[in-house]
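In this note's numbering, the protein residues as written are 425 to 669.
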Ligand SMILES: [Fe+2]
Ligand SMILES: [Fe+2]
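1) Check residue 518 in the structure and name its three-state DSSP category.
2) Between the beta-carbon of residue 530 and the beta-carbon of residue 636, is there less than 7 Å?
3) Quick one: residues with CB closer than 5 Å to any heavy atom of ligand 2, in chain order, please.
4) Return helix, strand or coil for residue 597, following the three-state DSSP convention.
5) Hey, how far is the Cα of residue 543 from the Cα of residue 536?
6) Give every residue of the same chain whose Cβ lies closer than 6 Å to the Cβ of residue 563, excluding the five residues on either side of it in the sequence, and list them in chain order.
7) Residue 548 to residue 578, Cα distance in whole Å?
8) What's the gap between the Cα of residue 596 and the Cα of residue 504?
9) Tell me which residue opens and which closes the alpha helix (DSSP H) that residue 533 is part of.
10) Does the distance between the C-beta of residue 527 and the nearest non-hydrogen atom of ligand 1 fall short of 6 Å?
11) Is any heavy atom in ligand 1 found nearer than 6 Å to the beta carbon of residue 594?
12) Whole-angstrom Cβ separation of residue 652 and residue 581, contact assumed at under 8 Å?
13) Which of the three DSSP states is assigned to residue 654 in this structure?
14) Can you give me the start and stop residues for the alpha helix (DSSP H) that residue 624 sits inside?
15) Look at the alpha carbon of residue 599 and the alpha carbon of residue 607, and state the distance between them as a whole number of angstroms.
16) How about residue 589 and residue 627: are their beta carbons less than 7 Å apart?
17) Residue 561: buried (16+ other C-beta within 10 angstroms of its C-beta) or exposed?
18) Only counting the same chain, and skipping five residues up and downstream in sequence, which positions put a Cβ closer than 6 Å to that of residue 565?
19) What does the alpha-carbon distance come out to for the pair residue 575 and residue 592?
20) If I measure Cβ to Cβ from residue 523 and keep anything under 8 Å in the same chain, skipping five residues before and after, which residues do I get?
21) Measuring CA to CA, which of 483, 587, 618 is closest to residue 496?
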């Protein structure tokens with residue numbers, strides 16, 4: 425009898441522990457969800473404030489040729505505000521690839537995340553990982569020239585080698601499937617003499633090519649957000665120098 429009571433008591437204790445664990449897990453999930461909502465609402469407030477700032481005190485000119493130095497001082501001040509939210513706009517656009525399978529085993533966001541994760545696991549630096557993350561961001565805007573879009577976005581922020589890699593990754597990736605489309609899979613040989621040929625071929629072989637794994641657990645974009653913000657913080661290659669103004 426005592427043993428049965430003890431056994432039942434032991435059994436009930438485990439049920440209690442299990443329920444407590446479930447409660448804690450649910451609590452963590454709710455907290456994470458609320459934090460995400462908070463970040464989203466903070467971002468929306470930031471965007472709304474930015475919009476308000478950009479709409480106030482507008483200049484009167486009807487053509488740029490009649491704009492004054494004073495007008496441009498105002499414009500540059502607003503451009504600086506606008507520039508700060510560039511990572512938000514880029515991350516939001518990346519989110520548009522969520523659920524966009526276009527016939528592939530994983531959606532385009534997961535492909536981008538898997539490419540970036542493979543690069544991160546391999547110990548690549550932040551700039552490279554961000555290039556991996558954004559390399560297909562133009563998929564839904566430039567269906568026949570998508571690498572150009574990512575390359576244009578990244579150009580001010582990355583090295584010549586990484587820019588070249590992103591810009592030409594489509595033709596290099598073609599080695600893996602162009603022959604199925606009746607195309608020349610060796611089209612990339614046109615660039616054999618480029619100093620960035622091996623750099624780009626390596627990106628394809630090690631990361632881009634193998635980032636279509638539907639058996640992998642779904643990855644979240646949040647992990648990469650801080651590095652996107654760091655890499656896109658300061659333009660290095662641009663004709664404009666905001667610091668001068
Ligand atoms: Fe691509
Ligand atoms: Fe890709």
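Ideal Cβ placement from N, Cα and C applies to all residues, glycine included.
The short version:
1) helix
2) yes
3) 560, 632
4) helix
5) 11 Å
6) Closer than 6 Å at the Cβ level, and outside the excluded window around residue 563, lie 532, 570.
7) Near 17 Å, if we compare the C-alpha coordinates of residue 578 and residue 548.
8) 36 Å
9) Start and end: 532 to 545.
10) Answer for residue 527: no, Cβ out of range of ligand 1.
11) yes
12) The pair is not a contact, with the Cβ atoms about 10 Å apart (cut-off 8 Å).
13) helix
14) Counting along the chain, the alpha helix (DSSP H) containing residue 624 begins and ends at 621 to 627.
15) 10 Å
16) The criterion of a C-beta distance shorter than 7 Å is satisfied by residue 589 and residue 627.
17) buried
18) 573
19) 9 Å
20) 531, 533
21) Of the listed residues, the one whose Cα sits closest to residue 496 is 483.
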